[in-house]
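If you read the protein sequences in the order shown, they are chains A, B and C.
So for the first sequence, this note's numbering puts the first residue at 9; every next one is plus one.
So for the second sequence, this note's numbering puts the first residue at -12; every next one is plus one.
So for the third sequence, this note's numbering puts the first residue at 49; every next one is plus one.
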Amino acid sequence: MTDETPTGRDTSGRFVKRAVETVNAMSRTNDEGIHPMSKVLFGWTETKNIGAILFWVLAGLSIILVLADLMIDRHEYFNFAESIGFFGLWGFLSFSFVVLMGWPLGRLLRRDENYYGDAGGPPDDIDPGLDGKPLGGGHAPHGGEH
Amino acid sequence: MPAFLAGLNPGWLLIAAGLLALFVRVRVVRQVITIAAPILGILLLSGTPHGVDLLTHETLSITLSFYHVDSLSFLFGLAFLIAALLNAIYALHTDNRIQDGMALAYAGAAVSAVFSGDLLTLFVFWELTAVTSVFLILQAGTRAAYFASMRYLGVQILSGVLLLAGIAYVWNATGSLSIAAFTSLDQPGALIIFIAFGIKAAFPFLHNWLQDSYPKASVVGAVVLSAFTTKLAVYAFARMFPGQDELIWIGAIMTVFPVFFAVIENDLRRVLAYSTNNQVGFMICAIGVGTPLALNGAVAHAFADILFKGLLFMSMGAVLYRTGTTKANELGGLYRTMPWTTLFCLIGAISISAMPLFSAFVTKSMILSAVASTGMIVVWLMLMFASAGVLEHSGIKIPYFAFFGHDSGKRVKEAPFNMLLAMGMASFLCIAIGLPAFLPGFGYEWLYSLLPYPIEAANYQPFTLSHILAQLQLLALAVFAFILLQRLGLYPPEKPGVILDTDWTYRKVGYGAVRWIDTVWAKLGLAMTAVFRGFSERTYDRLVDAFSPRGVLSRNPVSRGMAVWTAVILALVLLVSYLTS
Amino acid sequence: MILESLLVSAPEWAIDHAPVLIPVVPLIMAAMLALSPSGRLSWILSMVATAASFYFALLTLGRIQSAPGGIIEYWIGNWDVIGIEFRVDALNAMILLLVTGMGFLASIFAWSTIVAEVQKQKISLFLSAFLLCFAGLCGVTATGDAFNLFVFLEISSLSTYVLVAMGASRDRRALTSAFDYLIMGTLGASFYIIGVGFLYAATGTLNMAELAAQLPALSGNRSVQVGFAFIIVGLGLKAAMWPLHQWLPNAYAYSPSFVTMFLAATATKVALYAMIRWLFTIFNPDYAFEQAIFTFILAPLGIAAMVICSFQAVFQTDVRRMLAYSSVAQVGYMILGISIATTAGVAAGLLHLFNHSLIKGALFMAIAGICINYKGTTIRDFAGLGRSAPFTMAAFAIAALSLIGVPLTAGFISKLQLGYALFEHGWWWAVLLVVFSSFLAVLYVGRILQSIFFMPPANPRKTRKEAPLLLLVPLWILALANIYFGIDANFPAGLARDGAIAALGLEAFQ
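Set out below in structure tokens:
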């Protein structure tokens, strides 16, 4: 880790100010960890009870979309697909099915990370600042020195 | 354009530039080469006439056509060249001659394969993509990557060898090396070629090379790999097997099964590899339908996929570059320090989920309409199911677990500027081709006008109220399901671990069998040699007893055994001549 | 084009006497070298001799190509039918070109490796033996007389035994392998001469053309069939046809590396040529017994060689032995092609013969280059050489890929042609075996290449040391030829096709 700032230090007010100050400052990574743009773009995700808010917003949106079906006459190749809220229902069921299948499938198919005997690790060309690893180049398994 | 340039295949230009880059030590010069070559290629391609054999060569009474552009191959070639350019920009922060050179040569090989006008040329570049791309995996430099690359190479070469065998069969049967479409799979040659293509397209049960190798490639390597190999196979299918009924079901299954693997997979680059399977499934299914609308959809979706899949791989590459991992359980909360990457990743995720105003919406809806028009209810429902699945693994899982979700406490730097630039350009294109045509010829209409059947494409309206409403309903309720399940605590947590897939058969069972055979061979081989030698020596000893009591040559084992064999062969030849005359 | 300009510029006598000059020049030079005081002088003279032979071979080829289907008949001393005839058509013109060309390239690099491997006072004699062998091989190829062929065969064989035995200064096992080779070679030659004796008894002539004219009337004759059997086995032994190949791995592994390269590129090829000559020109595949031998003896033996020797190659630890087994396997491909007995099949066999000569020539030449600077030829000894001698090893890698049959190399073209010929003949199962055997080639070649390029040097103190330039130049000529003929195969494929047409006695179609 290169950043020297202890995590969890709430410095949001200062950074918002800075971010507004110059575009340049916004596009450059700040030395102290938190990127100024993150507040602008995704600050809203830190709102209190964001989970509940999102839940109700989407519930409302879903209801509106299903109700819109009453007003808009959709044309589909299959008759059953023209029934009200068909796509919403199918999307909801499909999604839930996939996610819920994750439980049994995970138990069935997941193995220890070293199952095949080569758990691997990060590739050579990751950030050289990380773990003191050197950057790319010269790691070719064969002659890079013609 | 000057005449000598007109016959220059942009793929060859890229291959030559790639080989040159291998030997250029000065980083800046190499960077100029890697960026200039795709741009030049795009310029060359834009001025190339369609439907003409631009470069042919006759050898051994076979006419090879090296450069043949038509409306089908044009868009693939263009997409590959754009991808090559984006990849080059994405790789600017590195200084690795082999990676730069091979990435360019790999792109060039894919472009050349797309523009080849006969099967043999297609085969040559088909193999070249395999050979060049393996270096991108090797460049990761880890032990796991080394073994994965060897498995990858094995599978890819197998595909090439099958293709060659199929070509030989077809040539023998018809005397033609034309890349005209096959009408049926009854001919064994066509079937062999079908399987060869199928391996590269990662058909179900033949798919695992993809999940095995891409996530182990280097940061840049995985981005490069995501663009070419599978899409080349899609092109090959569209070229040679349009309307082949088998493809409909194969494609439908391909869209569905990766969804289940993706949901339990922990490595986010591996999730994207499954997502590649799933997207290619849509294209394969459309090619199977084979109507002009379906083929338009397949080609357009391939074009869009190269962009948004590349974008997603780029964003995961940026995460990997900065944090050293793409394991979902080790990530989370990165939006605080990597907001731009987060933004671009979200654009990619929304694009792949086919949100209206983003690219996949205008391309996938063609496929869905085409499938629906055939009346195949089950296939259509499978594709709709898979659309919700895409949203799950690529639309939500990737950005959520990497950038939001549980805060991992990692406070890394934002991705390097060149990575952001490449992602930004890809994001721009994802949005640009997804927008309605506010100006005629712009937005999706630009893409539609380049499709193989432009007239049918012009008649197709993606932005109808029906489409938009249906898609929004699907997406909104699926996202709602996500939030609901998350709140109920029913969403499976991300756990480290490997997920068994078909590679288990060769990495565990196969490997065990080979080791067993090796042991047996070591023992049996010795025994067999002993028996063999014993046999010839005994025979010889008897001959010596009969003819030469002193055994002059008996000190020498080699001539001993051989003398017997000479006699045996002579006897056989005499016997055969005696019996047949 | 080049050939035509050569023909135009050549003096009259050279064109007239070219066929006989090919073996005679090195023969005379060999005698002179035995008396030469200086090794270096001998080397230069041997180069001159092989270059002259190469030139005459080009002239001969030019003469034959200028008249399609042409045959040059050259009666030594104008004695006519009772004398010795040299008879060159498209088939042996190709082989002559190959042998003289490889001989010339070999003699160029000879100096650098001989100095390292042969005692100084023996260099002249060594080169003299080499020229004798070279002359013998050319003679076997050019002659039109069955007995004269035997004489030249013995000239080349006897000198080969000497050459192999010269490896003793490096590895004593060269002596036993030379002895083995001597026993087996003599056995083969004796079989051959016994066979010729049977035919002489039946026909009263030793001239090949005359034999060919008389044999159809005698095809039911038992002594003709017995003669045929002896000749095929005798030549099969010389050509290292499986399972008569067992002299070859040792001979290749322990002889001086120069000799290995020359033998691998030429000796078995010439024996195979003689076999084709006997099978197709003198005898005729229309004879029922010969057809049966193609199907029941040659094809199975060829396939057995392809598969079994490839397996054996996979498990070798010494690179030269591995390549030697690979050579036997490649002879299997050629015999398989020949055993189809169609124009396409024989042409594929000949093309593979040509390409294989380029491949093995390059491979063994690279190994010779390695032997100069590095000790040992086991796979482990080759570890890391990709870094120490990149140019030598890059050429090695090109030839090795060609050996596998990777597209854009010469080896690919000839395997492709062989595949087509087999398909055409309906032997698709044999195609599968060819593919399988190529897969085995991937394994054994892969082992070497992996060691060369992916392993760290066994001895880390090895510094960078390339083979001398005198070796690198002919080596790269061969390596580039492997690539060039993999892209534009018109020249060798044309030679092979004309050769096959000439062998089968068909009219050339142009």
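The beta carbon of each residue, even a glycine, is placed where N, CA and C say it ideally should be.
Computed from a prediction, not measured in an experiment: that's the story for all the values here.
**Request:** Report yes if the CB atom of B/Q570 is closer than 7 Å to the CB atom of B/A117, and no otherwise.
**Result:** The question about residue 570 of chain B has no answer here: the residues shown for chain B are numbered -12 through 568.
**Item:** Contact set between B/Y565 and chain A, taken where Cβ atoms lie within less than 8 Å
**Value:** Here the question's residue 565 of chain B lines up with position 578 in the second sequence. In chain order: nothing, as chain A lies at least about 57 Å away.
**Asked** Name the chain C residues whose beta carbon is nearer than 8 Å to that of B/T350?
**Response** Within the second sequence, the letter at position 363 stands for residue 350 of chain B. Ordered by position in chain C, no residue passes the 8 Å Cβ test against B/T350, which lies about 34 Å from the chain.
**Message:** By the 7 Å beta-carbon criterion, what residues does the stretch 333 to 361 of chain C contribute toward chain B?
**Reply:** A336, F337, A340, I341, F344 and I345
**Prompt:** Could one say the Cβ of B/A155 lies closer than 7 Å to chain A's Cβ atoms, at least one of them?
**Reply:** The count along the second sequence starts at 1 and reaches residue 155 of chain B at position 168. Judged by the 7 Å Cβ criterion, B/A155 is not in contact with chain A.
**Item:** Alpha-carbon to alpha-carbon, B/L31 and C/W61
**Value:** If you number the third sequence from 1, residue 61 of chain C lands on position 13. If you number the second sequence from 1, residue 31 of chain B lands on position 44. If I take the Cα positions, the gap works out to 57 Å.
**Asked** Distance, Cα to Cα, B/A75 vs B/A285?
**Response** As a working note, residue 75 of chain B is residue 88 in the second sequence. As a working note, residue 285 of chain B is residue 298 in the second sequence. Computed Cα separation, rounded: 26 Å.
**Message:** Quick check on DSSP: helix, strand or coil for B/Y77?
**Reply:** For the purposes of this step, residue 77 of chain B is taken as residue 90 along the second sequence, with counting starting at 1. Of the three classes helix, strand and coil, the one that applies to B/Y77 here is helix, per DSSP.
**Spatially closest choice to C/Y379 from C/T329, C/A551 and C/T316, by CA coordinates** = Here residue 379 of chain C refers to the residue found at position 331 when the third sequence is read from its first residue. Looking at the sequence shown, residue 379 of chain C is not Tyr but Val. Ranking C/T329, C/A551 and C/T316 by Cα distance to C/V379 puts C/T316 first.
**Prompt:** Mind pulling the alpha helix (DSSP H) runs of 4 or more residues that sit fully within the stretch 122 to 167 of chain C?
**Reply:** 138 to 165
**Prompt:** In chain B, what lies closer than 7 Å to A/T55 by C-beta?
**Reply:** Here residue 55 of chain A refers to the residue found at position 47 of the first sequence. Simply none; closest approach about 13 Å.
**Message:** Which residues does DSSP list as the beta-bridge partners of B/S52?
**Reply:** The residue you call residue 52 of chain B lines up with position 65 of the second sequence. The partner list for B/S52 (beta bridge, DSSP) reads B/T43.
**Request:** Closer than 7 Å by C-beta to B/M89: which residues in its own chain qualify, once you throw out the five before and the five after it? Chain order, please.
**Result:** To locate residue 89 of chain B, count along the second sequence from 1; it is residue 102. Correct list, in chain order: G5, T119, F122 and L123.
**Asked** Which partner residues of B/K314 appear in the DSSP bridge assignment?
**Response** Within the second sequence, numbered from 1, the residue matching residue 314 of chain B stands at position 327. Bridge partners of B/K314: B/D254.
**Asked** Who are the near neighbours of B/S436 in its chain, counting only those whose CB is closer than 8 Å to its CB and skipping five residues on each side?
**Response** Against the second sequence, residue 436 of chain B aligns to sequence position 449. Cβ within range, chain order: G428, A444 and A445.
**Neighbourhood of B/S535 by C-beta distance below 8 Å, restricted to the same chain and skipping five residues each side** = Reading the second sequence from its first residue, position 548 is the one you call residue 535 of chain B. With a pLDDT of 41 at B/S535, under the threshold of 50, the modelled position of that residue is not reliable, and the figure given next carries that caveat. Nothing meets the Cβ criterion.
**Request:** Report the option in A/S104, A/L138, A/L78 and A/P130 whose CA atom is closest to the CA atom of B/V246.
**Result:** As a working note, residue 246 of chain B is residue 259 in the second sequence. Comparing Cα-Cα distances from B/V246 to each of A/S104, A/L138, A/L78 and A/P130, the minimum goes to A/S104.
**Message:** Can you tell me whether B/V485 is helix, strand or coil according to DSSP?
**Reply:** Translated into positions along the second sequence, residue 485 of chain B becomes position 498. Note: B/V485 maps to strand in three-state DSSP.
**Message:** Going by DSSP, what residue range makes up the alpha helix (DSSP H) through B/Y387?
**Reply:** Taking the first residue of the second sequence as 1, we reach residue 387 of chain B at position 400. B/Y387 -> alpha helix (DSSP H) spans I385 to F390.
**Message:** Quick check on this structure: which residue in B/A281, B/A287 and B/W327 has the alpha carbon closest to the alpha carbon of B/M303?
**Reply:** Within the second sequence, numbered from 1, the residue matching residue 303 of chain B stands at position 316. Nearest of B/A281, B/A287 and B/W327 to B/M303, Cα basis: B/W327.
**Asked** Since C/V147 contacts C/T189 with CB under 8 Å, what's their CB separation in whole angstroms?
**Response** Position 99 of the third sequence holds residue 147 of chain C. Position 141 of the third sequence holds residue 189 of chain C. That belief holds up - the Cβ atoms of C/V147 and C/T189 are roughly 6 Å apart, short of 8 Å.
**Prompt:** C/A297 CB to nearest chain B CB: under 7 Å?
**Reply:** Taking the third sequence and counting its residues from 1, the one referred to as residue 297 of chain C is at position 249. Residue 297 of chain C is actually Pro in this sequence, not Ala. No, no contact with chain B.
**Request:** List the residues of chain A whose Cβ lies closer than 8 Å to the Cβ of B/P343, in chain order.
**Result:** To locate residue 343 of chain B, count along the second sequence from 1; it is residue 356. Those do not exist, as B/P343 stays about 12 Å from chain A at its closest Cβ, beyond 8 Å.
**Message:** If contact is defined by three or more beta carbon pairs under 8 Å, each pair taking one atom from either stretch, is the stretch 256 to 267 of chain B in contact with the stretch 192 to 203 of chain B?
**Reply:** yes
**Asked** So which residues of chain B does C/G284 contact, with C-beta pairs closer than 8 Å?
**Response** Numbered from 1 along the third sequence, position 236 holds the residue referred to as residue 284 of chain C. Per Cβ cutoff of 8 Å: I556.
**Message:** I'd like to know if B/T506 contacts chain A, where contact means its C-beta is closer than 7 Å to some C-beta of that chain.
**Reply:** Mapped onto the second sequence, residue 506 of chain B falls at position 519. Output row for B/T506: interface = no.
**Request:** List the residues that DSSP assigns as beta-bridge partners of B/S165.
**Result:** As a position in the second sequence, residue 165 of chain B is number 178, starting the count at 1. B/S165 pairs with B/D105.
**Request:** Kindly indicate which residue of B/C332, B/D292 and B/F110 has the alpha-carbon position closest to the one of B/M270.
**Result:** For the purposes of this step, residue 270 of chain B is identified with residue 283 of the second sequence, where counting begins at 1. Ranking the options by Cα distance to B/M270, first place goes to B/D292.
**Prompt:** For B/I337, does the three-state DSSP call read helix, strand or coil?
**Reply:** Position 350 of the second sequence, counting from 1, holds the residue named residue 337 of chain B. If DSSP states are grouped into helix, strand and coil, B/I337 belongs with the helices.
**Request:** Could you name the residues of the same chain whose beta carbon sits closer than 6 Å to that of C/F246, not counting the 5 residues immediately before and after it, in chain order?
**Result:** On the third sequence, position 198 is the one that residue 246 of chain C refers to. So the qualifying residues of the chain are S271, V274 and G275.
**Message:** Strictly by DSSP, which residues pair up with C/I120?
**Reply:** Translated into positions along the third sequence, residue 120 of chain C becomes position 72. In the DSSP output, where bridge partners are listed per residue, C/I120 has C/V136.
**Asked** Got a sec? Which residues, its chain only, sit under 8 Å from B/Y133 by beta carbon, not counting five neighbours each side?
**Response** Here residue 133 of chain B corresponds to residue number 146 of the second sequence, with the count starting at 1. L125.
**Prompt:** If we ignore side chains and look at the alpha-carbon of each, how far apart do C/S238 and C/H404 end up?
**Reply:** Along the third sequence, read from residue 1 onward, the residue named residue 238 of chain C stands at position 190. Along the third sequence, read from residue 1 onward, the residue named residue 404 of chain C stands at position 356. Approximately 28 Å between the Cα atoms of the pair.
**Asked** Excluding the five sequence neighbours on either side, which residues of its own chain have a C-beta within less than 7 Å of the C-beta of B/L462, listed in chain order?
**Response** One-based indexing of the second sequence puts residue 462 of chain B at position 475. So the qualifying residues of the chain are S340, M342 and L378.
**Request:** Run the CB neighbour count on A/I92, radius 10 Å, all protein chains shown included, and call it buried at 16 or more, exposed below.
**Result:** Walking along the first sequence from the start, residue 92 of chain A turns up at place 84. With fewer than 16 Cβ atoms within 10 Å of its Cβ, A/I92 is classed as exposed.
**Prompt:** So, C/H473 versus C/I549, is the Cβ gap smaller than 7 Å?
**Reply:** Against the third sequence, residue 473 of chain C aligns to sequence position 425. Against the third sequence, residue 549 of chain C aligns to sequence position 501. Cβ atoms of C/H473 and C/I549: not closer than 7 Å.
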